[in-house]
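See below for the structure under consideration.
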Amino acid sequence: MNNRLPPSWSKHIKSGRALKHKIPHAALPRANVLSRSQADDLLLRRAYEHQQARRLAEAQDVCLQVLARTPNHPLALYIMGTVCLGYDDEAALRYFARAVGEEPRNPYYHLSLGEAYGKLSEFSAAVKHIQYALEVQPDLVEALCALGRVYTQFDKPNLALPLYEKALKINRDHPKARIGIAAALTGLGRMDEAASYLKEAIERRIEVAAAYYDLVQTRKFTEEPAEFQSILRELNSPGLKPEAKASLNYAAGKVENDLKRYAQAFDHFRKAKQAEGYKFDIDQYRRFIDLTIETFTPDFFAARSGYGNSSEAPVFVVGMPRSGTTLTEQICASHPEAHGAGELSKLRRVANAIGLQASASDISKPITTITEGLSKTLADEHLSYLRERAPTAQRIIDKMPHNFELIGLLSLFFPKARIIHCRRDAIDNCVSCYVLPFSSTHGYNTDLQALGLYYREYDRLMRHWNEVFPGRIFENRYETLVEDQEAQSRRLIDYLGLPWDDDCLRFFDREGAVTTPSRWQVRQPIYKSSVRRWKNFEAEITPLIEALGDLAEV
-4 MNNRLPPSWS KHIKSGRALK HKIPHAALPR ANVLSRSQAD DLLLRRAYEH QQARRLAEAQ
56 DVCLQVLART PNHPLALYIM GTVCLGYDDE AALRYFARAV GEEPRNPYYH LSLGEAYGKL
116 SEFSAAVKHI QYALEVQPDL VEALCALGRV YTQFDKPNLA LPLYEKALKI NRDHPKARIG
176 IAAALTGLGR MDEAASYLKE AIERRIEVAA AYYDLVQTRK FTEEPAEFQS ILRELNSPGL
236 KPEAKASLNY AAGKVENDLK RYAQAFDHFR KAKQAEGYKF DIDQYRRFID LTIETFTPDF
296 FAARSGYGNS SEAPVFVVGM PRSGTTLTEQ ICASHPEAHG AGELSKLRRV ANAIGLQASA
356 SDISKPITTI TEGLSKTLAD EHLSYLRERA PTAQRIIDKM PHNFELIGLL SLFFPKARII
416 HCRRDAIDNC VSCYVLPFSS THGYNTDLQA LGLYYREYDR LMRHWNEVFP GRIFENRYET
476 LVEDQEAQSR RLIDYLGLPW DDDCLRFFDR EGAVTTPSRW QVRQPIYKSS VRRWKNFEAE
536 ITPLIEALGD LAEV
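Position 321 of the sequence shown, counted from 1, bears residue number 316 in our numbering, the numbering being contiguous throughout.
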């Protein structure tokens, strides 16, 4: 959530003590008591308090009251944007854009609009707005850090480092600068430098839980590090927030796992999941898979044979998270004629816009609104979006694992696009997901049983796609890749329609940022220790194995 205050808010903070009690709404608009402007100000202060307390529905209701009276109130639009960010990013984008339209010289409005664009992988727009914020206010640390974050995601980490360095000169204790510069260095493989920044953050009590989590990711431990006991002490601190409790438990679990203390490690991972507290509706998701299978049939595509764009440039790497998608992208992107664009949300945004999402009660109607002309327009726009990242590459790789849900849509837009499906031993795959922090959009990863049932739905949908597109989807089995790297890499590059290049065997030397949870692993040559890793936790994962059923190869 964005808790930043724009400059125009300062007058509200300074005008008196924060409101501790709700003011009856009926009392606010009376002209003989308060002017409209004063009433709006009081309401917005209340909205801000709700937002800070994460009472998002209440904050939204109050902002809408203001906007009903003053339709283009920039601060109300801005707070609405911060409220929407995270659960409706498209709406957040619209609110921030409206705020910018009302106050075009407000650096905070541009900054938040840029961050929203960055969150949606619209990097050119993100850079443009954040750079404008810095033109207006060059020492705005939040903007320096935001631009650094965007550059790191946009595979330009060298541009991020000087921004973070400048931010630290202005405020050496700014948490986003401390954690951000470490993330950029980690993405570049400069682990020791990243660790030094994280250790200093811990010493200075800056984002301690996040710093400990990032610190233990910078290397693999063969003996207990001094930080481990400090992490345990932090876990016993009174008043620890759920997010901090989760990060510290993940950090402790990672160290215990490295040291082969598996039962203790899994206990920490379980406590991290409890602290996160995410929920997942497996029945709703199962209905979504049913609808997808019913809608995207061979007959559906036969009737739309002329749709989309015939470009062969797009390559989609899909699969469950932790199935080898990052490794696969890095191997392919090491080819001089290919570009790895990372995890792009563009296709998901289009899907959400037309109603193709898990909460939909019917997806056949919105899909039928895509005419041949619209399919070409959307495909051309998507191709331009990819070309922005790599104007001359023959293949541009979009590695968004959950695009496995959208293979029907992407095939409608790009009938000649290549699709690489990464598959891994089901139990290994699920355990590898469980031991890592995922966002709330991956609520299935909080509970072992839900995770197993979710995996079954993913498997069911992939079997459907293979029936609809026989022979089209390349299945890249993780175990096959680590068993014979060169042979499988050659098959991958051949599938891409590119000549073999030995650089693909040295993917771990490739320059550029890696920002997924696999950032440490893909800086190493291929190793086999992750195969059958689940055996280490066999006593703890019975609910997962039972939920997987016949997909569990025990």
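We put the beta carbon where it would ideally sit given N, CA and C, even for glycine.
- prompt: How would you label LYS180, buried or exposed, when you count the other beta carbons within 10 angstroms and need 16 or more for buried?
  reply: Within the sequence shown, residue 180 is the residue found at index 185, counting from 1. It should be noted that the sequence gives Leu, not Lys, for residue 180. Per the 10 Å Cβ criterion, buried.
task: Provide the residue(s) that pair with ASN471 in DSSP beta bridges, ordered along the chain.
output: Counting from one through the sequence shown, the residue named residue 471 turns up at place 476. Paired residues: CYS417.
query: Is ALA333 closer than 8 Å to ALA412 when the C-beta atoms are compared?
result: Translated into the one-based positions of the sequence shown, residue 412 becomes position 417. Translated into the one-based positions of the sequence shown, residue 333 becomes position 338. In this structure, ALA333 does not lie closer than 8 Å to ALA412 by Cβ.
- prompt: What are the start and end residues of each continuous alpha helix (DSSP H) run of 4 or more residues lying completely inside the segment 166 to 252, in chain order?
  reply: 170 to 182, 186 to 198, 203 to 211, 221 to 230
message: Quick check: the Cα distance between GLU541 and GLY314, rounded to an integer number of angstroms?
response: Along the sequence shown, one-based indexing puts residue 541 at 546. Along the sequence shown, one-based indexing puts residue 314 at 319. For GLU541 and GLY314, the distance between alpha carbons rounds to 22 Å.
query: For the segment 444 to 456 against the segment 419 to 430, are there 3 or more C-beta pairs whose distance is under 8 Å?
result: They touch, by the three-pair rule.
Assigned secondary structure, ASP442 (DSSP; H/G/I helix, E/B strand, else coil): Here residue 442 refers to the residue found at position 447 of the sequence shown. Reduced to three states, the DSSP call for ASP442 is coil.
field: GLN46 versus TYR90 - alpha carbon distance
entry: Taking the sequence shown and counting its residues from 1, the one referred to as residue 46 is at position 51. Taking the sequence shown and counting its residues from 1, the one referred to as residue 90 is at position 95. Straight-line Cα distance between these residues: approximately 15 Å.
query: What is the DSSP secondary structure of VAL136, counted as helix, strand or coil?
result: Locating residue 136 in the sequence shown gives position 141, counting from the first residue. Looking at VAL136 - three-state DSSP - the assignment turns out to be helix.
message: Looking at the secondary structure, which residues open and close the alpha helix (DSSP H) in which PHE118 lies?
response: Along the sequence shown, one-based indexing puts residue 118 at 123. From DSSP, the alpha helix (DSSP H) with PHE118 extends over 118 to 131.
According to DSSP, residues forming a beta bridge with VAL313: For the purposes of this step, residue 313 is taken as the residue at position 318 of the sequence shown. VAL313 is bridged to HIS416.
query: Does the Cβ of GLU376 have 16 or more other Cβ atoms within 10 Å, making it buried, or fewer, making it exposed?
result: Here residue 376 refers to the residue found at position 381 of the sequence shown. Taking a 10 Å sphere around the C-beta of GLU376, we find fewer than 16 other C-beta atoms and assign the residue as exposed.
message: On the CB-based measure, 16 or more other CB atoms within 10 Å of its CB, does ASN27 come out buried or exposed?
response: The residue you call residue 27 lines up with position 32 of the sequence shown. Annotation note: pLDDT 43 at ASN27 (below 50); position unreliable, coordinate value reported separately. That one is exposed.
field: LYS268 vs THR441 beta-carbon contact at 8 Å
entry: In the sequence shown, residue 268 corresponds to position 273, counting from 1. In the sequence shown, residue 441 corresponds to position 446, counting from 1. Yes; because the gap between Cβ atoms is below 8 Å, this pair is in contact.
- prompt: Helix, strand or coil: which one does DSSP assign to HIS68?
  reply: Working through the sequence shown from its first residue, we reach residue 68 at position 73. Of the three classes helix, strand and coil, the one that applies to HIS68 here is coil, per DSSP.
field: N- and C-terminal bounds of the beta strand (DSSP E) containing ASP498
entry: In the sequence shown, counting from the first residue as 1, residue 498 sits at position 503. Element bounds for ASP498: n/a, residue is neither H nor E.
- request: Assign ARG518 to one of three DSSP states: helix, strand, or coil.
  value: The residue given as residue 518 occupies position 523 in the sequence shown. Because the pLDDT at ARG518 is just 48, under 50, the model does not fix this residue reliably, and the value given afterwards should be weighed accordingly. Reduced to three states, the DSSP call for ARG518 is helix.
Inter-residue spacing [alpha-carbon to alpha-carbon] between TYR82 and ASP497: For the purposes of this step, residue 82 is taken as residue 87 along the sequence shown, with counting starting at 1. For the purposes of this step, residue 497 is taken as residue 502 along the sequence shown, with counting starting at 1. Using only the alpha carbons, I get a separation of about 43 Å.
query: In this structure, does DSSP put HIS330 in helix, strand or coil?
result: By one-based count along the sequence shown, residue 330 stands at place 335. Here DSSP, grouped into helix, strand and coil, assigns HIS330 to coil.
- prompt: Do ALA308 and ARG384 have their CB atoms nearer than 8 Å?
  reply: By one-based count along the sequence shown, residue 308 stands at place 313. By one-based count along the sequence shown, residue 384 stands at place 389. It is not a contact, given that the beta carbons lie outside the stated cut-off.
- request: Select from ARG317, CYS79, ILE349 the residue whose C-alpha is nearest the C-alpha of ARG418.
  value: Taking the sequence shown and counting its residues from 1, the one referred to as residue 418 is at position 423. Nearest C-alpha to ARG418: ARG317.
query: Count the other CB atoms within 10 Å of the CB of GLN325; is the residue buried (16 or more) or exposed (fewer)?
result: Here residue 325 refers to the residue found at position 330 of the sequence shown. Under this definition GLN325 is a buried residue.
query: Residues in its own chain within less than 8 Å of LYS371 by CB, not counting five upstream and five downstream?
result: Mapped onto the sequence shown, residue 371 falls at position 376. Counting only Cβ-Cβ distances below 8 Å, and skipping sequence neighbours, we find TYR302, GLY303, ASN304.
message: Tell me the residue span of the alpha helix (DSSP H) that contains ARG41.
response: Position 46 of the sequence shown, counting from 1, holds the residue named residue 41. From DSSP, the alpha helix (DSSP H) with ARG41 extends over 31 to 47.
- prompt: In the DSSP assignment, what residue or residues form a beta bridge with ARG390?
  reply: On the sequence shown, position 395 is the one that residue 390 refers to. ALA333, per the DSSP bridge assignment.
task: Kindly list the residues whose CB is nearer than 6 Å to the CB of GLU400, restricted to its own chain and excluding five residues on each side of it in sequence; keep chain order.
output: The count along the sequence shown starts at 1 and reaches residue 400 at position 405. Nothing meets the Cβ criterion.
- prompt: Just how far apart, CA to CA, sit ARG576 and ASP420?
  reply: Since the first residue shown for the chain is -4 and the last is 549, residue 576 is missing from the structure and cannot be characterised.
- request: Say whether the segment 402 to 409 touches the segment 286 to 303, bearing in mind that this needs 3 or more beta-carbon pairs closer than 8 Å, one atom from each stretch.
  value: yes
- prompt: Thinking C-alpha only, which one of ASP504, ALA353, ILE422 is nearest ILE536?
  reply: The residue you call residue 536 lines up with position 541 of the sequence shown. The option with the nearest alpha carbon to ILE536 is ILE422.
- prompt: Secondary structure at VAL477, three-state DSSP: helix, strand or coil?
  reply: Walking along the sequence shown from the start, residue 477 turns up at place 482. Three-state result, VAL477: helix.
- request: Go through its chain and collect everything with a Cβ distance to LEU254's Cβ below 7 Å, but skip five positions before and after it.
  value: The count along the sequence shown starts at 1 and reaches residue 254 at position 259. Once the five neighbours on either side are set aside, the close Cβ partners of LEU254 are PHE216, GLU219.
- request: Please report how far the alpha carbon of LEU158 lies from the alpha carbon of MET75, in whole angstroms.
  value: The residue given as residue 158 occupies position 163 in the sequence shown. The residue given as residue 75 occupies position 80 in the sequence shown. Spanning the alpha carbons of LEU158 and MET75 requires a straight line of approximately 29 Å.
query: For GLU238, which of GLU478, PHE261, LEU210, VAL203 has the nearest alpha-carbon?
result: Working through the sequence shown from its first residue, we reach residue 238 at position 243. Of all alpha-carbon atoms in GLU478, PHE261, LEU210, VAL203, the one lying nearest the alpha-carbon of GLU238 is that of VAL203.
message: With three or more beta-carbon pairs closer than 8 Å as the criterion, would you say the segment 281 to 294 touches the segment 246 to 263?
response: no
Coarse secondary structure for ALA297, derived from DSSP in three states: Taking the first residue of the sequence shown as 1, we reach residue 297 at position 302. Here ALA297 sits in helix by DSSP.
- prompt: How big is the Cα-Cα spacing for LEU339 and GLN60?
  reply: Sequence index remark: in the sequence shown, residue 339 carries index 344 (1-based). Sequence index remark: in the sequence shown, residue 60 carries index 65 (1-based). Approximately 36 Å between the Cα atoms of the pair.
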